[in-house]
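Add 540 to a position in the sequence shown, counting from 1, and you land on the number used in this note's numbering. Where is the CB? At the ideal position from N, CA and C, for every residue including glycine. Working notes, structure below.
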Amino acid sequence: MLSSTRRRRILDRLTIDGYVEAKEFARELGVDTSTIRRDLEALERDGQIQRTHGGARPIPGVTSDLPYSAKRNTRLQEKSAIARVAAGLVADGDTVILDSGSTTYEVAVALSRRESLTVITNDLRIAEYIAGLQRFRLLVAGGELLGSVYTLAGDRTVEFLRDYAADWAFLGADAVDVDAGITNTNTLEVPVKRAMIATARSTAVVVDSSKFGHRALARVAGLDEIHTLITDHGLDEEAAKPYGDHLIRADVTKPPRPKPWPTVAAAASLASRGKTARESGEAAE
């Protein structure tokens, strides 16, 4: 078993049980206790766990990277509302990158009403859903599987993304903060998310309101690198103010419309703003 797979299973066990005992886990995986201890040391150096005598526990106050099965049905109504707004930014014929995650999965579902899309993703659940539609062109990034979250990551994933250009990238996040920006618990996903931002003309972060005002382990991007933040009305007006024009709050009570909101004209305006910001950055370089 690869070290990355063992460490992912350690993080999964911490999420479910709140503690990992090194000897017991080594016996379960059929490896030496010393191997698990080295894994725990590596995870501690990365700031992902807190070592204890004989094992490890989660770091207090740090957002956990939950398995997909735990995320999928959490705050589903909010995620669906966010996804409808996100889909409204996309025009027929666009190329769209969908990051891994349960909220971006809902974006994939909302995009099913569009026509002639090209979808790029590193999420196997999303890839399966898009393939089942048999209507869109689908490109699936290579890389190493992070099993519990059905995500492909690593150098090959980053290299794959660099070969393409997209109109929109929709990213998930573990935490959003005015000062810290967009942050993520799993450090392995950060280079992939960075590559998605670089590949797309415009980037939107889709994240439910519970993630705001928190910081996870690793920085993904500053708010100035993101064109749009989409969340739900659980983030009240006062908390939303510091994010300014970056932020759209989806109305959870509003039923789906045949023509998603905002309008195509609004999407074009946002995309144009994103393109201008990117061109300005390139000129400065």
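Whole-angstrom distance between Ala758 and Arg548, CA atom to CA atom: For Arg548 and Ala758, the distance between alpha carbons rounds to 16 Å.
DSSP puts Gly595 in a beta bridge; with which residues? In DSSP, Gly595 forms a bridge with Glu561, Thr592.
Per DSSP, what kind of secondary structure is Val766 in: helix, strand or coil? Looking at the sequence provided, one finds Ile at residue 766 rather than Val. In the structure shown, Ile766 sits in coil (DSSP, three-state: anything other than H, G, I, E or B).
Would you check if the distance between the CB atom of Glu646 and the CB atom of Ala623 is smaller than 8 Å? Taking 8 Å as the cut-off, the Cβ atoms of Glu646 and Ala623 count as close.
Mapping DSSP to helix, strand and coil, what is Val659? The three-state reading of DSSP puts Val659 in strand, counting E and B together.
Which residue comes first and which comes last in the beta strand (DSSP E) that contains Phe752? Per DSSP, Phe752 belongs to no beta strand (DSSP E) and is neither H nor E.
Got a sec, what are the start and stop residues for the beta strand (DSSP E) Ala720 sits in? Boundaries cannot be given for Ala720, as no beta strand (DSSP E) includes it and DSSP labels it neither H nor E.
Apart from the five residues on each side of it in sequence, which residues of its chain come closer than 8 Å, Cβ to Cβ, to Ile550? Setting aside the 5 residues that flank it on each side, Ile550 is surrounded in the same chain by Val560, Phe565, Ile576, Asp579, Leu580, Leu583, Ile589, Ala596, each with a C-beta closer than 8 Å to its C-beta; the list follows chain order.
How big is the Cα-Cα spacing for Thr739 and Val680? Distance from the CA of Thr739 to the CA of Val680, rounded to the nearest whole angstrom, comes to 15 Å.
Gly570 to Leu728 span [Cα, whole Å]: One C-alpha to the other measures close to 25 Å.
Might you give, ordered along the chain, the residues of its own chain that have their beta carbon closer than 8 Å to the beta carbon of Tyr783, omitting 5 neighbours on each side? Correct list, in chain order: Val718, Leu763, Leu769.
Rounded to whole angstroms, what is the Cα-Cα separation between Ser609 and Ser656? Per-residue confidence for Ser609 stands at a pLDDT of 47, beneath the threshold of 50, marking its modelled position as unreliable; no derived number is given.
Where do the ends of the beta strand (DSSP E) carrying Val746 lie? Its beta strand (DSSP E) spans residues 740-746.
With distance defined between alpha-carbon atoms, name the residue in Gly753, Thr793, Leu616 nearest to Leu775. Of the candidates Gly753, Thr793, Leu616, the one whose C-alpha sits nearest the C-alpha of Leu775 is Gly753.
Could you give the first and the last residue of the continuous beta strand (DSSP E) run that contains Phe710? Bounds of the beta strand (DSSP E) holding Phe710 are 706-711.
Got a sec, what are the start and stop residues for the alpha helix (DSSP H) Thr575 sits in? In the DSSP assignment, Thr575 falls within the unbroken alpha helix (DSSP H) covering 573-585.
Here's a check: name, in chain order, each residue in its chain whose Cβ is nearer than 6 Å to the Cβ of Ala756, leaving out the five neighbours to either side. The answer, listed in chain order, is Thr603, Asp714, Ala715, Thr723, Asn724, Thr725.
Which residue's Cα is closest to the Cα of Leu616: Val746, Thr658, Val630? Nearest C-alpha to Leu616: Val746.
When burial is assigned at 16 or more other CB atoms within 10 Å of the CB, is Arg702 buried or exposed? Exposed, because fewer than 16 other Cβ atoms sit within 10 Å of the Cβ of Arg702.
What's the gap between the Cα of Gly594 and the Cα of Ala761? Going by the C-alpha atoms only, they are around 36 Å apart.
Could you have a look at Asp639 and say whether DSSP puts it in helix, strand or coil? Of the three classes helix, strand and coil, the one that applies to Asp639 here is coil, per DSSP.
Among the candidates Pro731, Met541, Glu618, Lys563, whose CA atom is the shortest distance from the CA of Thr592? Comparing Cα positions, the closest option is Lys563.
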